[in-house]
Every structure is written in structure tokens, then in C-alpha cells.
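Notes follow the structure.
Protein chains: 2
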Amino acid sequence: MKFLNSAFESSHKIVVLRWGHRPKRDLRLTTHVALTARALGASGLILSDIEDEKIKATVEKAVKNWGGSFTLEMGVPWKTVVKNWRAKGGVTVHLTAYGENIEKSNVLQRIKDSNSDVLVIVGSQKVPGEFFSKDVSDFNVAVGNQPHSECASLAVFLDRFFNGKELIKTFDNARLMIVPQERGKKIVKIPI
Amino acid sequence: MKFLNSAFESSHKIVVLRWGHRPKRDLRLTTHVALTARALGASGLILSDIEDEKIKATVEKAVKNWGGSFTLEMGVPWKTVVKNWRAKGGVTVHLTAYGENIEKSNVLQRIKDSNSDVLVIVGSQKVPGEFFSKDVSDFNVAVGNQPHSECASLAVFLDRFFNGKELIKTFDNARLMIVPQERGKKIVKIPI
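Just so you know, the protein sequences line up as chains A and B, in that order.
For the first sequence, our numbering begins at 8 and goes up steadily by one.
For the second sequence, our numbering begins at 8 and goes up steadily by one.
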């Protein structure tokens, strides 16, 4: 068990590889991708090929306030990330509108059946053609075959991979915690 | 039946109300929200209180190329949108990290049981407090009670509301269509 959390027991972890981040243009989208990854059960984000202190600050602040052990790596070349991931026995999933439809095909089941940790690759700009090849992706997965958003695709992929249980995961060492309400906002501050 | 589509038969439609859009700062995120809404089965987007020709151009281009009858309204005051929606018997759902947890609670079932068209409200900036009140929202729904992304929340909400069938919906009058592949990209151009 890699999560010490009874409400969210996943035997396999997911890490998100964000490729093609352009600091100014993509700041907010990559921030949303990172926060989505964390909130929906991924273990970490790798911002490949580039470093961005703003992304780092946002992720660190989220983890400090809201808890959990979400990791961030930056600047590693994407080929190295893929190579290292596979060397440890993990599989790679490229999210793309061109891939196998997650609803129509059995691709999600095949990913689960691989019984491996999953590196989910999400692009920003147009990705290199080799992302679709066996050299990079074990699976090309489409959250619908329409153009939309890597942030949306990632969210649906994680929700389906973890069967919804990621949304009731509790985060260790949180300073802040939302108490769900029908009306209004309720935040509890947890003494350290 | 409001969708003329055998693969995606929903008796109720969803329209997304995007509140708080700031043209420069939110351009890309609102674009992603709009494309996600369209791709994941919503019938339209209302950009309240403001007009943005860039969003309009992107949505129109997506509909022209990829089909469907997704609608865009802009500039209507949000209070008017809510009032009109309710006057026609629709319910309003405010997506917020503070709301009832979509996985833990029965809120999604209650929304479905309302047997009504749904206006999904997603904020950008911090939303006015009244969004949480009965005057505005019939339901406050959290896609997990962690901070993340309105784009991600919308995606998961739509996927769950439509039971995944939105991802295999076909879009009428498309000029372009992706044929899902295990490897590579295949786009078919459809003669008009």
C-alpha cells in the first residue's frame, strides 16, 4: 500500500508529466494541472525540461496548507523521465484526443491490468510525434475524441482510474481542511 | 429527448455559466472551460457580465470544425441568467470546493432526481458570498473538498452526470472527426 490512507487505498501510484510548459503563457493552466493532479490523487508532478519558481511556490503552498505528500520535480528532460519511469517497471499513458477512447474501448482496464505505477503525460503545446510511439507511450488515451483541455482530461482520467475514491482521500499534515456544507464555507484550522 | 443522438441520450441539458471572466488573465482557462463544456456534453456556455470576442471566435471555430450545436451567450448579467433559468424550471448547481462532496454525499443523485435542466455555475475569481445561498444555487457541489480547478471540476461533474456517455457522443455537422487510434493521429475530413 503506497498511500497511508484507509479511505483511499491504491496499490499503484500516478505521477503526472507536464510537457511543453511555457512559463508566461502556461502559468495558470499548469498551476491548474498541478492542483488537479494533487487533489485528485496523483502522487506528484514532473514539470519536464524547464523550471518555474511560480509553479513551485504554488504547489508548496498547497501542500503546506492542505497537506499530503505531493511531490514536484522540475527541469528533468522528458526523455529521461520516461526512461527512468520504465526502468522502475512503470507504464506511460499519453493523454491525447487522438488516442483510444476511455469510454468506448477497454484501454483503462488494460492500464489497470498492467498492475504498474502510471506516468500520465499531458502536453501543453502540440506534442512531438514520437509521444504517440512505443518509445514513449504504452497507451494513448482519449478522454473523448474532441479537442478540449489537458486539465479536464487529467481530471476524468484520475477520477476513473481511482474509481472516485480520490475525492474522499484525507491529506496528512494539513493545516486547513474544508468541512463540506450544503450552504456557505467552513474551513477548520488544524493546530500543528 | 433533447439530443438527436442515439449514443448520448440525455433527457436533461446542462448549460455552463462562467462567472468572473477577466479577458486577459482568464482567456486560456475560460477557453478550456468552454471547450470542456462542449466536448463533455454540455449544450452551451454563458459568459456572464462581459463579452470576449476571442472566446467567441474559439468556440465558433470549434463548432464549425468539430460539429454539434453548442451555444455561446455573452454579456448577460449573472443574476438575469439565474433568474431566467429558474423561471423555465431549471435548477442551478454551483461548483465549489466548499460544497457537498460529489463522491461522499448523495448530491449528484438529488440533482438527477430533480429531473430538470441544470445550470452549472463555475467561478474564476473568488465568487460573491451569495452564490452559496438559496437565492442563487440549488446545490453547492464539491468535486473533492480540496482547492484545484474549475475546469477539472466541470469535467468530472459532466462525466458523472452523463455517466460517461458524453465521451462517445457524435457531433452533427462536423467537418473534422478523429478516428481513435492506439498509435498516431487519424483525422477524417467530412465533405460538406
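We put the beta carbon where it would ideally sit given N, CA and C, even for glycine.
Item, Value
"Would you list the residues sitting across from G136/A in a DSSP beta bridge?", "In the DSSP output, where bridge partners are listed per residue, G136/A has none listed."
"Are three or more beta carbon pairs between the stretch 59-66 of chain B and the stretch 175-184 of chain A nearer than 8 Å?", "no"
"Assign G75/A to one of two classes, buried (16 or more other C-beta atoms within 10 Å of its C-beta) or exposed (fewer than that).", "buried"
"Spell out whether any CB of chain B is found under 9 Å from the CB atom of L36/A.", "yes"
"Going along the chain, which residues of its own chain have a beta-carbon closer than 7 Å to the beta-carbon of G96/A, five neighbours each way excluded?", "S123"
"Can you pull the chain A neighbours of G171/B, defined as C-beta to C-beta under 7 Å?", "E110"
"Buried or exposed for E137/A, going by 16 or more other Cβ atoms inside 10 Å?", "exposed"
"Could you say if the stretch 138-149 of chain B and the stretch 38-50 of chain B meet the contact criterion of at least three C-beta pairs nearer than 8 Å?", "no"
"Measure how close the beta-carbons of L102/A and V134/A come, nearest whole angstrom, since I'm counting them as under 8 Å.", "The Cβ separation is near 10 Å, so there is no contact."
"Looking only at its chain, what residues have a beta carbon closer than 7 Å to the beta carbon of A49/A, apart from the 5 residues adjacent to it on each side?", "I21, V22, V23 and L165"
"Any idea if E67/B is buried or exposed, counting beta-carbon neighbours within 10 angstroms, 16 or more meaning buried?", "exposed"
"Under 9 Å between C-beta atoms, does I175/B make it to chain A?", "yes"
"Thinking C-beta only, is V70/A closer than 9 Å to T99/A?", "no"
"Are the beta-carbon atoms of H155/B and L183/A separated by less than 9 Å?", "no"
"Is the separation between the beta-carbon of R45/B and that of F77/B shorter than 9 Å?", "yes"
"Could I get the ranges of all uninterrupted alpha helix (DSSP H) runs contained in the stretch 84-127 of chain B, with 4 residues as the minimum, in chain order?", "85-94 and 114-120"
"Is K9/B close to chain A, meaning its C-beta is less than 9 Å from at least one C-beta of that chain?", "Residue placement at K9/B is flagged as unreliable, the pLDDT there being 41, under the threshold of 50; the coordinate-derived value follows with that caveat. Taking Cβ atoms only, chain A never reaches closer than 9 Å to K9/B, which makes this a no."
"Could you please tell me which residues of the stretch 186-197 of chain A, in chain order, have their CB closer than 9 Å to any CB of chain B?", "V186, P187, Q188, E189, R190, G191, K192, K193 and I194"
"At a CB distance below 9 Å, what residues from the stretch 139-154 of chain B approach chain A? Give them in sequence order.", "F139, S140, K141, S144, F146, N147, A149, V150, G151, N152, Q153 and P154"
"Assuming contact is defined by CB atoms lying nearer than 9 Å, are D33/B and S131/B in contact in what I supplied?", "yes"
"Out of curiosity, what's the CA-to-CA distance linking V195/B and A104/A?", "14 Å"
"Quick one: grab the DSSP three-state call for A49/B.", "coil"
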